[in-house]
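Novice: Taken in order, these protein sequences are the chains called W and Z. As numbered in numbering that gives the first Met the number 0, residues 0 to 319 make up the first sequence, in order. As numbered in numbering that gives the first Met the number 0, residues 0 to 468 make up the second sequence, in order. Cβ atoms here follow ideal geometry from the backbone N, Cα and C, with glycine treated the same way. My structure is below; once you've seen it, I'll send some questions.
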Amino acid sequence: MTNTQVPNSQVPPVRSRPATPPVAVRPSVRDRGARLVAALFLAPTVVGIVVFTVVPIIGSVVLSLFQWNVIDPPHFVGGANYRTTFTDSTVLVSFRNTLLFMVLAVALQLLIALSLALALNGRMPVWLRSVFRSAFFFPLVLSAASISVVMKYLFNQDFGVVNWLIGLVGIAPVPWLTSEHAAMATVVLVYVWQQFGFSFLLFVGGLNNIPKEIHEAAALDGATGLRKHLGITLPLLSPTLLVATVVGIINALQVFEQPYVLTDGGPGDATRTVVMVIYERAFEQLDFGEASAVGVLLFALIMAVTALQFRLSRRFVHYQ
Amino acid sequence: MTDSHLPRRTLLRYGAYGAGAAALAGTAASWDRLTGADIPGRDDGSLVVATLGSAFDPATVEALTKGFHRLHPDIPLRVNAVQAVDWSDFFAKILTQIAAGTAPDLVYVATEGVQLFAQRLGVSLDRWVRRDAAELREYFADVHPSLVESMMYEGNLYQLPMEFNAADMYLNKQVLKRAGADFPAADWSRDDFTALLRELKRGGGSHFTPYFWTNRLWGGVVPWLFANGTNLLKESKAPGGSWLWDTFYPAADRQGRGGGFRWTTPQATTDRVEEAYDYIASLVQEDLCTRPEGGNGNNLVGVFSTGHVGVTPAGGFWAGGLQQAGMRAADYDVQYFPRWRTQRHQFGAAGYALLRTSKKQEAAWEFIKYAARKDTMTRLFRTNQTTPARRSMLNAARYAASGPAHWQVFYDTLDRFPDTGPIPAPPQVAEVTDVLLKYTGTALASPRAVGPALRRMQGDLEQAMEREV
């Protein structure tokens, strides 16, 4: 097997400070011009992020300290909204549901996407590969709400096609959307069906970037099948896997359309997610303060999970 | 390059960039472009009326606008059809407009929002109704007092009802024929209803469900609670309102009327409520009815018209829906909700609410009067997508094409059962609805879940009702 790593003895020692003191160099006019041009190009994005992301985040944090029902002026309540949130069983259940949903959806999404990407990476006519790629990616460009409406019909216990199909092989109708146990599974299935195309494309790109020589060298050394994937493909694909996992988790923690349309959070609270609670508190119950508090907590959760992922990635992600 | 002197060429180039940028900025600033002030109806002095977008088609809205303009050429009118999936969604969008400082003058509000709007946003119509009593006498004579009472809050009138829908029972006559079952009598009982469902089940296939219902405030569990002589929240009447009843209604119709409904103490754990839930649970266990599914019942028209469902609760709005779905008048019919301890029905009504923030309240009142005229309502409710609040508009001609044969049931639900009342919709209606739907789903999702679910429902309802809106 070809060793691509540089032996430690060959790595030059790293100096803590440069040997000579730095010389203060005034940037040239050309440098200043280039910086100005760069700043001009960046400005629209920065302004967009500040106006549409940073300001609303700060606004939400501020609003979470107020009681505001749209009709009357906001009234400062300090941390009361957070205290209510921590004792509100619906909010707590929605966090539990969202975390469960995230684990199930991301695991299933990555498993399906990776399996299909590996399968497509094998020998196959180019046109057929294109057909499969398009087919797997297609659901992602559709509206989640529209898909959920159609899926609601398909998974209807009494009149749905799914129960009709399983009925053909003698299986009793399943209450896909009206049973506490089946509803979450159905929401996960619908979500994964639509979302796995993104991870799939990432994995296809990542697999294409793995040098063929490494696989050939591994084959010469006798590595085959699963061993080759576990020992070579997965480590070399780990940066892609990290990106797919981070994006997948962030998206899953913000799931809304599928449970809202399919089950409206039910039965009971079985499929109620955090973003649904934010919507209900703000736009149905006119409690924008509590809605903001829940939003801030969700933001903190997403930041924490993402930070944890990047920390873990230092140990598990291998860059070539 | 470390030279700090600017070469001439560089200077010229950046000078050209600067001039170009200045020219671009100047052009952009002077460009004739759209701003927020260009949004139709905003700040142009028009009277703005917000309606639920799907309620009226564009041609109807245009006819409404032109008719008003002919009558009041001095009042510019703008009808803002807000697209929303249901009343809750509609109210959310209206409140967002209010928060944005672009509140309409009038909002079309259904029972679900009457008390919320009355308490926080609305203006009582009392002074105008008193002033124009002679003009309105004909309107009140044509509208059932129960509908009017449902638009009152704490003794004051906030809306003139334009339309309503009571939960009656629609029956697919093809399904009845297939099962060899008779059309039920007007005074059929809950047991007759159960027996009919069993009969239909025997005559239907494996993909047939005798009774379909949607888990929502209107037409869900509430009709069964009413039929069992109870309600989700303790119901009483506010004092007052005699000024209206004495002015417009004969003595017989004034009996028991007050200043509007009050819904206060939750009573989810009372025997009658539990009994109603147990009954529906037994229907679910026996495969006689669907499990509670949320939503607006969009898929119901399809499954009913194709014979996959035999019976479902709906109002006059469904006659038009079924006709659009291709059902012939002879294919279905309507009957009252079955009798249990009572045969009290539930309904929802809608009308225009005048907002406190409106600076054109006199003009808005003129629009309300215009909208309540029979000729206006006739233009507005051409198809049977709802039940007009005026009794005289329900006639054989209206239902000749769409059916049902027993169209009299729609208004007789009020005339024959004078205790028929509105769905429970206190100012905290959003939370109450959320709690109701949530625990109805839990109660009927698995066997023996009714008791625990209702106990949790009671706790959450108590919390919801304690909250100040």
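Using the C-alpha atoms, what's the distance from alanine 116 of chain W back to leucine 200 of chain W?
Specialist: Counted from its first residue, the first sequence places residue 200 of chain W at position 201. Counted from its first residue, the first sequence places residue 116 of chain W at position 117. Each residue's Cα considered, the two are about 8 Å apart.
Novice: Any C-beta of chain Z sitting closer than 8 Å to the C-beta of threonine 352 of chain W?
Specialist: Chain W is shown from 0 up to 319; residue 352 of chain W falls before or after that span and cannot be answered.
Novice: What do you get for proline 57 of chain Z, buried or exposed, if any count of 16 or more other CB atoms within 10 angstroms of its CB means buried?
Specialist: For the purposes of this step, residue 57 of chain Z is taken as the residue at position 58 of the second sequence. Label assigned to proline 57 of chain Z: exposed.
Novice: Could you give the distance in angstroms between the alpha-carbon of threonine 305 of chain W and the alpha-carbon of leucine 296 of chain W?
Specialist: In the first sequence, counting from the first residue as 1, residue 305 of chain W sits at position 306. In the first sequence, counting from the first residue as 1, residue 296 of chain W sits at position 297. Straight-line Cα distance between these residues: approximately 14 Å.
Novice: Could you have a look at glycine 32 of chain W and say whether DSSP puts it in helix, strand or coil?
Specialist: Here residue 32 of chain W corresponds to residue number 33 of the first sequence, with the count starting at 1. In this structure, glycine 32 of chain W counts as helix in the three-state DSSP scheme.
Novice: In whole angstroms, what separates the C-alpha of histidine 180 of chain W from that of phenylalanine 100 of chain W?
Specialist: Counting from one through the first sequence, the residue named residue 180 of chain W turns up at place 181. Counting from one through the first sequence, the residue named residue 100 of chain W turns up at place 101. When rounded, the distance between both Cα atoms is 13 Å.
Novice: Check the Cβ of serine 163 of chain W against every Cβ in chain Z and list those closer than 8 Å, keeping chain order.
Specialist: Position 164 of the first sequence, counting from 1, holds the residue named residue 163 of chain W. According to the sequence as given, residue 163 of chain W is tryptophan; it is not serine. Simply His206.
Novice: Can you list the residues of chain Z that leucine 285 of chain W reaches, using a CB-CB cut of under 7 Å?
Specialist: Position 286 of the first sequence holds residue 285 of chain W. Ordered by position in chain Z, the residues that pass the 7 Å Cβ test against leucine 285 of chain W are Leu94.
Novice: So alanine 349 of chain Z is in the beta strand (DSSP E); what residue range does that whole segment cover?
Specialist: Working through the second sequence from its first residue, we reach residue 349 of chain Z at position 350. That run of the beta strand (DSSP E) goes 345 to 353.
Novice: Have a look at Z/Ser188, Z/Pro426, Z/His143, Z/Arg8 and flag the residue whose alpha-carbon is nearest the alpha-carbon of valine 28 of chain W.
Specialist: Counting from 1 along the first sequence, the entry for residue 28 of chain W is found at position 29. Nearest C-alpha to valine 28 of chain W: Z/Arg8.
Novice: Quick check on the DSSP output: the alpha helix (DSSP H) that includes methionine 101 of chain W runs from which residue to which?
Specialist: Within the first sequence, numbered from 1, the residue matching residue 101 of chain W stands at position 102. Methionine 101 of chain W -> alpha helix (DSSP H) spans 88 to 120.
Novice: Compare the C-alpha of leucine 94 of chain Z against each of Z/Leu354, Z/Asp374, Z/Ala444 and name the closest.
Specialist: Within the second sequence, numbered from 1, the residue matching residue 94 of chain Z stands at position 95. The shortest C-alpha separation from leucine 94 of chain Z is found at Z/Leu354.
Novice: Could you tell me whether the Cβ atoms of serine 178 of chain W and alanine 444 of chain Z are closer together than 8 Å?
Specialist: Within the first sequence, the letter at position 179 stands for residue 178 of chain W. Within the second sequence, the letter at position 445 stands for residue 444 of chain Z. Contact flag set, yes.
Novice: Using 8 Å as the limit for Cβ to Cβ distance, is valine 69 of chain W near chain Z?
Specialist: What you label residue 69 of chain W is simply residue 70 of the first sequence in a count that begins at 1. Judged by the 8 Å Cβ criterion, valine 69 of chain W is in contact with chain Z.
Novice: Under the assumption that tyrosine 369 of chain Z contacts leucine 70 of chain Z (Cβ atoms under 8 Å), give the Cβ distance between them as a whole number of angstroms.
Specialist: Locating residue 369 of chain Z in the second sequence gives position 370, counting from the first residue. Locating residue 70 of chain Z in the second sequence gives position 71, counting from the first residue. About 6 Å separates the two Cβ atoms, so the contact holds.
Novice: Using 10 angstroms around the beta-carbon of glutamine 193 of chain W, count the other beta-carbons present and answer buried if the total reaches 16, otherwise exposed.
Specialist: Mapped onto the first sequence, residue 193 of chain W falls at position 194. Counting Cβ neighbours within 10 Å, glutamine 193 of chain W comes out buried, since at least 16 surround it.
Novice: What does glutamate 279 of chain W reach in chain Z if we use C-beta pairs closer than 7 Å?
Specialist: Residue numbering aside, residue 279 of chain W sits at position 280 when the first sequence is read from its first letter. Asp433, listed in chain order.
Novice: Would you check if the distance between the CB atom of threonine 270 of chain W and the CB atom of alanine 182 of chain W is smaller than 8 Å?
Specialist: For the purposes of this step, residue 270 of chain W is identified with residue 271 of the first sequence, where counting begins at 1. For the purposes of this step, residue 182 of chain W is identified with residue 183 of the first sequence, where counting begins at 1. Against a cut-off of 8 Å, the Cβ pair of alanine 182 of chain W and threonine 270 of chain W comes out as a contact.
Novice: Taking the alpha carbon of valine 434 of chain Z as the point to measure from, which residue in W/Ser88, W/Leu41, W/Glu212 has its own alpha carbon closest?
Specialist: Along the second sequence, read from residue 1 onward, the residue named residue 434 of chain Z stands at position 435. Looking at the Cα atoms, W/Ser88 is the closest of the given residues.
Novice: Cutting at 8 Å between CB atoms, please list the residues of its own chain near leucine 35 of chain W, excluding the five before and the five after it.
Specialist: The residue labelled residue 35 of chain W in the question sits at position 36 within the first sequence. So the list is empty, once near-sequence residues are dropped.
Novice: Skipping 5 residues on each side, what residues in its chain have a beta carbon closer than 8 Å to that of glycine 470 of chain Z?
Specialist: It is not possible to answer for residue 470 of chain Z, since the shown part of chain Z is limited to 0 through 468.
Novice: Is the Cβ of tyrosine 152 of chain Z closer than 8 Å to any Cβ of chain W?
Specialist: Taking the first residue of the second sequence as position 1, residue 152 of chain Z is located at position 153. Not an interface residue.
Novice: Do we get a CB-CB distance below 8 Å when we pair glycine 40 of chain Z with the residues of chain W?
Specialist: If you number the second sequence from 1, residue 40 of chain Z lands on position 41. Reliability fails at glycine 40 of chain Z, whose pLDDT of 49 lies under 50, so the model's placement of it is uncertain and the value that follows must be treated cautiously. So, not an interface residue.
Novice: Select from the segment 151 to 162 of chain W all residues with a C-beta closer than 9 Å to any C-beta belonging to chain Z, and list them in chain order.
Specialist: Lys151, Tyr152, Asn155, Gln156, Asp157, Phe158, Asn162
Novice: Assuming methionine 456 of chain Z is part of the alpha helix (DSSP H), what are its boundary residues?
Specialist: Start at 1 with the first residue of the second sequence, and residue 456 of chain Z comes out as number 457. Looking at the DSSP string, the run of the alpha helix (DSSP H) that includes methionine 456 of chain Z is 449 to 465.
Novice: So, are the CB atoms of leucine 167 of chain W and valine 160 of chain W less than 8 Å apart?
Specialist: In the first sequence, counting from the first residue as 1, residue 167 of chain W sits at position 168. In the first sequence, counting from the first residue as 1, residue 160 of chain W sits at position 161. Cβ distance not < 8 Å, so leucine 167 of chain W and valine 160 of chain W don't count as in contact.
Novice: Round the Cβ separation of serine 241 of chain Z and glutamine 322 of chain Z to the nearest angstrom and send it over; I've been treating them as touching at under 8 Å.
Specialist: In the second sequence, residue 241 of chain Z corresponds to position 242, counting from 1. In the second sequence, residue 322 of chain Z corresponds to position 323, counting from 1. 42 Å between Cβ atoms; not a contact.
Novice: Enumerate in chain order the residues of its own chain whose CB-to-CB distance from proline 73 of chain W is below 6 Å, with the five nearest sequence positions on each side excluded.
Specialist: Here residue 73 of chain W refers to the residue found at position 74 when the first sequence is read from its first residue. Taken in chain order, the residues that qualify are Phe65, Trp67.
Novice: Take glycine 40 of chain Z and list the residues in its own chain whose beta-carbon comes closer than 7 Å to its own, dropping the five residues that flank it on each side.
Specialist: Taking the second sequence and counting its residues from 1, the one referred to as residue 40 of chain Z is at position 41. Residue confidence is low: glycine 40 of chain Z scores 49 on pLDDT, short of 50, so the model does not pin down where it sits. Its coordinate-derived value is still stated next. So the qualifying residues of the chain are Val47, Arg77, Asn79.
Novice: Could you give the uninterrupted runs of the alpha helix (DSSP H) lying entirely in the segment 234 to 300 of chain W, keeping only those of 4 residues or more?
Specialist: Secondary structure remark: continuous alpha helix (DSSP H) runs of at least 4 residues inside the segment 234 to 300 of chain W, in chain order: 256 to 261, 273 to 278.
Novice: Under 8 Å Cβ-Cβ, which residues of chain Z neighbour glycine 32 of chain W?
Specialist: The sequence position of residue 32 of chain W within the first sequence is 33, counting from 1. What glycine 32 of chain W touches in chain Z: Thr9, Tyr13.
Novice: Please list the partners that alanine 352 of chain Z has in chain W, where partner means a Cβ-to-Cβ separation under 7 Å.
Specialist: In the second sequence, the residue the question calls residue 352 of chain Z occupies position 353. Simply none; closest approach about 14 Å.
Novice: In this structure, how does DSSP classify lysine 437 of chain Z when only helix, strand and coil are distinguished?
Specialist: Taking the first residue of the second sequence as position 1, residue 437 of chain Z is located at position 438. Looking at lysine 437 of chain Z - three-state DSSP - the assignment turns out to be helix.
Novice: Can you pull the chain Z residues whose beta carbon is under 7 Å from the beta carbon of phenylalanine 65 of chain W, in chain order?
Specialist: Locating residue 65 of chain W in the first sequence gives position 66, where the first residue counts as 1. In chain order: nothing, as chain Z lies at least about 13 Å away.
Novice: For asparagine 207 of chain W, does the count of other Cβ atoms within 10 angstroms reach 16, so buried, or fall short, so exposed?
Specialist: Start at 1 with the first residue of the first sequence, and residue 207 of chain W comes out as number 208. Answer is exposed; the Cβ neighbour count stays below 16.
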